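Heads up: the sequence shown at position 344 corresponds to 344 in UniProt numbering, and the numbers run straight through without jumps. Okay, so here's the structure we're looking at.
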Amino acid sequence: MAIKSAIVVGGSVAGLMQGLLLKRNGIDVSVLEQDPSKDRHSHESGVSIGPSVIKVLERYDATGRPFSIPARFLNFAWRKYPRVFSLNWAHNMSNWGCLYLVLRANFDGLPSEAVPEPPLPKPGEGKVDYQSGKRVTRITYDKVEQRAQVQFQDVLTGETDSLSADLVIAADGVHSTARQLLTGSTRKIYAGYIAWRGTVPEHVLSNSTVDYFSNRLNFSLINGSYFISYHIPTESGRVKPGERLINWVWYYPISNGSAEMTAIFTDIHGAMHANTVPQGLVKPEIWKHQVNRYLDQMRPPLAEVVSKTSRPFVTKVGEAQCDGRPSFHDGRVVLVGDAFTGFRSHLGMASEQAARHCLQMEKVLRGDITQAQYDNEAMIYARKFILLNRCIGFTGLGWIWALSQTLMAYVWLIVAHKLGYH
């Protein structure tokens, strides 16, 4: 595939990984990001750093700065029993904001507290630009010229413009506009539960609590819901003990459209949010009520962390699946990351899937695999991790019947794949 120019729709982690890959391989790249803010806010969310993310950064990161914290063990707690059992499970956890800033420093040289002196461009790299506040409105393809055109609108001024390139990468997330423009068909599923989230600076916690969370990912079961908690760096990349954050996610079942759901997703100003109530907008009385109902079931370290979370936020958990293959128009337009498939968040696989797509795209560009092979691998991977994430969630919530059905579906998927069915 002879590619000299590319447009990346979406300037978050998935888009920046693709943009960095293309840049390092001598391809000119324009990123179109809908968010108009110059300072992207991450809510200090935790992300899992899997093998594909590590491989991408080993190849293309020129900052040399640490961006993750290792965890050696996976610990299971039940109510006030702290160590029901533990497993050796080496893993690395990071902060979405820190990962984003490291990628921006590499892609377009954005300075930040995380990377105050970004690396200089290398000889032979492509030229890049990052345009904020650009909402894509149309994607077309000229089959004769083998070029795609992206039309977009400035979200602040309303002005319209367009760009054309040899390749378009659609990486605009779980609520992808590009996916809707290309397919018109997306399966979105509300999982039946929400995720309360938050972080606490390590220095405000007791030594015993910090020790409890150190070097492990904690899976804590309480009456009909569960927590996942672990250390992450700050957004500015601080990874030393005493400077880190403890990140937690609380999965809590709730019926969509219920009075409780309406109350939780109505913010301090009375506005109703469709998917996420950001930090600073959650009603204090709602959060206080949520915590008080379950505090007596938590181990003291978890209770301390949750109680000292001053700026929680809450989001609905769900899935988004593209009906069909990820590539369009002779492989010149490709959906990647959450724009192709958005998983439930239990395994923190969003960045790992994005990095895997990046590595596979590199193989397509080099001619090591065909676009059809890329598509098949991406579809199988998505189906597997849709089911695995469901299994984790159903296990934590105690939904045994749903878990058994999902496990059977997963086994059938693996068997069918081995037999050559796609």
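Built from N, CA and C at the ideal position, the CB exists for glycine as well. Treat the numbers as computed from the prediction; the structure is a model and nothing was measured.
Backbone secondary structure at residue i - three-state DSSP
{"i": "residue 274", "result": "coil"}
{"i": "residue 394", "result": "helix"}
{"i": "residue 296", "result": "helix"}
{"i": "residue 405", "result": "helix"}
{"i": "residue 207", "result": "helix"}
{"i": "residue 135", "result": "strand"}
{"i": "residue 220", "result": "strand"}
{"i": "residue 284", "result": "helix"}
{"i": "residue 213", "result": "helix"}
{"i": "residue 321", "result": "strand"}
{"i": "residue 384", "result": "helix"}
{"i": "residue 417", "result": "helix"}
{"i": "residue 6", "result": "strand"}
{"i": "residue 268", "result": "coil"}
{"i": "residue 82", "result": "strand"}
{"i": "residue 399", "result": "coil"}
{"i": "residue 191", "result": "strand"}
{"i": "residue 114", "result": "coil"}
{"i": "residue 144", "result": "coil"}
{"i": "residue 241", "result": "coil"}
{"i": "residue 201", "result": "strand"}
{"i": "residue 87", "result": "strand"}
{"i": "residue 171", "result": "coil"}
Nearest-angstrom beta carbon gap, residue j and residue i [assumed within contact, 8 angstroms]
{"i": "residue 226", "j": "residue 251", "result": "6 angstroms"}
{"i": "residue 114", "j": "residue 235", "result": "7 angstroms"}
{"i": "residue 280", "j": "residue 253", "result": "Incorrect: roughly 25 angstroms between the Cβ atoms, too far for contact."}
{"i": "residue 69", "j": "residue 284", "result": "Not quite, the Cβ-Cβ distance comes to about 30 angstroms (not below 8 angstroms), so this is no contact."}
{"i": "residue 129", "j": "residue 3", "result": "Going by Cβ atoms, the distance from residue 129 to residue 3 rounds to 17 angstroms, so no, they are not a contact pair."}
{"i": "residue 197", "j": "residue 45", "result": "7 angstroms"}
{"i": "residue 47", "j": "residue 359", "result": "That belief does not hold up - the Cβ atoms of residue 47 and residue 359 are roughly 17 angstroms apart, past 8 angstroms."}
{"i": "residue 324", "j": "residue 183", "result": "6 angstroms"}
{"i": "residue 138", "j": "residue 151", "result": "4 angstroms"}
{"i": "residue 288", "j": "residue 194", "result": "No, residue 288 and residue 194 are not in contact; Cβ-Cβ is about 17 angstroms, not under 8 angstroms."}
{"i": "residue 329", "j": "residue 148", "result": "6 angstroms"}
{"i": "residue 13", "j": "residue 100", "result": "6 angstroms"}
{"i": "residue 109", "j": "residue 26", "result": "No, residue 109 and residue 26 are not in contact; Cβ-Cβ is about 17 angstroms, not under 8 angstroms."}
{"i": "residue 200", "j": "residue 246", "result": "5 angstroms"}
{"i": "residue 50", "j": "residue 352", "result": "4 angstroms"}
{"i": "residue 385", "j": "residue 408", "result": "Not quite, the Cβ-Cβ distance comes to about 17 angstroms (not below 8 angstroms), so this is no contact."}
Start and end residues, alpha helix (DSSP H) containing residue i
{"i": "residue 264", "result": "259-264"}
{"i": "residue 106", "result": "96-108"}
{"i": "residue 178", "result": "177-183"}
Extent of the continuous beta strand (DSSP E) to which residue i belongs
{"i": "residue 163", "result": "160-165"}
{"i": "residue 225", "result": "225-232"}
{"i": "residue 148", "result": "147-154"}
{"i": "residue 73", "result": "68-78"}
{"i": "residue 126", "result": "No beta strand (DSSP E) contains residue 126, which DSSP labels as neither H nor E."}
{"i": "residue 256", "result": "No beta strand (DSSP E) contains residue 256, which DSSP labels as neither H nor E."}
Near the ligand COA: residue i beta-carbon under 7 angstroms from a heavy atom
{"i": "residue 186", "result": "Ligands in the displayed structure: none, and consequently the ligand COA is not present."}
Quiz item: Is it a yes or a no for the stretch 338-346 touching the stretch 388-395, going by three-plus beta-carbon pairs under 8 angstroms?
Solution: yes
Quiz item: Counting only runs that start and end within the stretch 327-376, where is the alpha helix (DSSP H) found for 4 or more residues in a row?
Solution: 350-366
Exercise. Would you check if there are 3 or more beta carbon pairs closer than 8 angstroms linking the stretch 62-78 to the stretch 158-165?
Key: no
Practice problem: Mind listing, in chain order, the continuous beta strand (DSSP E) runs of no fewer than 3 residues lying wholly within the stretch 16-63? | Solution: 28-33, 46-49
Quiz item: Taking three-plus beta-carbon pairs below 8 angstroms as touching, is the stretch 328-340 in contact with the stretch 295-314?
Solution: Between the stretch 328-340 and the stretch 295-314, the count of Cβ pairs shorter than 8 angstroms is below three; the stretches do not touch.
Self-check item: Three-pair Cβ contact test at 8 angstroms for the stretch 353-370 versus the stretch 204-219
Solution: no
Quiz item: Counting Cβ pairs closer than 8 angstroms, one from the stretch 22-36 and one from the stretch 82-95, do we hit at least three?
Solution: no
Exercise. Please confirm if the stretch 126-141 is in contact with the stretch 303-312, defined as three or more CB-CB distances below 8 angstroms between the two stretches.
Key: Touching, no, given that fewer than three Cβ pairs across the two stretches are closer than 8 angstroms.
Quiz item: Are the stretch 164-184 and the stretch 2-22 in contact at 8 angstroms, needing three or more beta carbon pairs?
Solution: yes
Practice problem: Evaluate contact between the stretch 347-358 and the stretch 376-387, counting only Cβ atoms and requiring at least three cross-stretch pairs below 8 angstroms. | Solution: Yes: at least three Cβ pairs fall under 8 angstroms.
Quiz item: Per the contact definition of three or more C-beta pairs closer than 8 angstroms, is the stretch 99-115 in contact with the stretch 261-269?
Solution: no
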